[in-house]
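Each remark here refers to the structure printed beneath this line.
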Amino acid sequence: MVVIRNRLNQRLIVNLIDGKNIDLLAKSTAEVSGDELSSPHLQTLIAKGDISVIETIEEQEEETQFIKKRNKYKN
Numbered sequence: 464m465v466v467i468r469n470r471l472n473q474r475l476i477v478n479l480i481d482g483k484n485i486d487l488l489a490k491s492t493a494e495v496s497g498d499e500l501s502s503p504h505l506q507t508l509i510a511k512g513d514i515s516v517i518e519t520i521e522e523q524e525e526e527t528q529f530i531k532k533r534n535k536y537k538n
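Last residue of the sequence shown: number 538 in the numbering used here, and the count goes up by one each step with no gaps.
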């Protein structure tokens, strides 16, 4: 899974494959799968800079584990 973020100050409706849609409010985030990330409309919005790919869910989990370990050794 990948986290995407609407960089605009307005709502965006992203058309995904298989007729699915994501309604992204201004500056909000959403999770999409790898297949959904390859949809043409989403790729166009990323290329225009309207949407940014923040990180994968796995990267978020690794960062959380790293922070927990670091805090454990501080105490």
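Glycine is no exception: its CB is placed at the ideal position from the N, C-alpha and C atoms. Quick caveat, the model's predicted, so the values are computed rather than measured.
Distance, residue j Cα to residue i Cα
i	j	result
ILE509	VAL516	8 Å
LYS483	LYS511	21 Å
ILE530	SER491	24 Å
Close beta carbons around residue i, own chain, < 6 Å, minus the five adjacent residues each side
i	result
SER502	LEU479, ILE480
LEU500	VAL465
ILE485	VAL477, ALA493
7 Å CB neighbourhood of residue i in its chain, flanking five on each side removed
i	result
GLU444	One cannot answer for residue 444 here, as it falls past the ends of the chain, which runs 464 to 538.
SER496	MET464
ALA489	ASN469, LEU471, ASN472, GLN473, ARG474
For residue i: DSSP bridge partner residues
i	result
ASP486	ILE476
ARG470	According to DSSP, ARG470 bridges with nothing at all.
SER515	ARG468
Close Cβ partners of residue i (< 8 Å) along its chain, the five nearest in sequence each way excluded
i	result
THR514	In the sequence under discussion, the amino acid at residue 514 is Ile, which differs from the Thr named in the question. Cβ within range, chain order: ILE467, ARG468, ASN469, ARG470, LEU475, VAL477, LEU487, LEU505, LEU508.
ASP498	ILE480
Limits of the alpha helix (DSSP H) - the one that residue i falls within
i	result
GLY497	497–500
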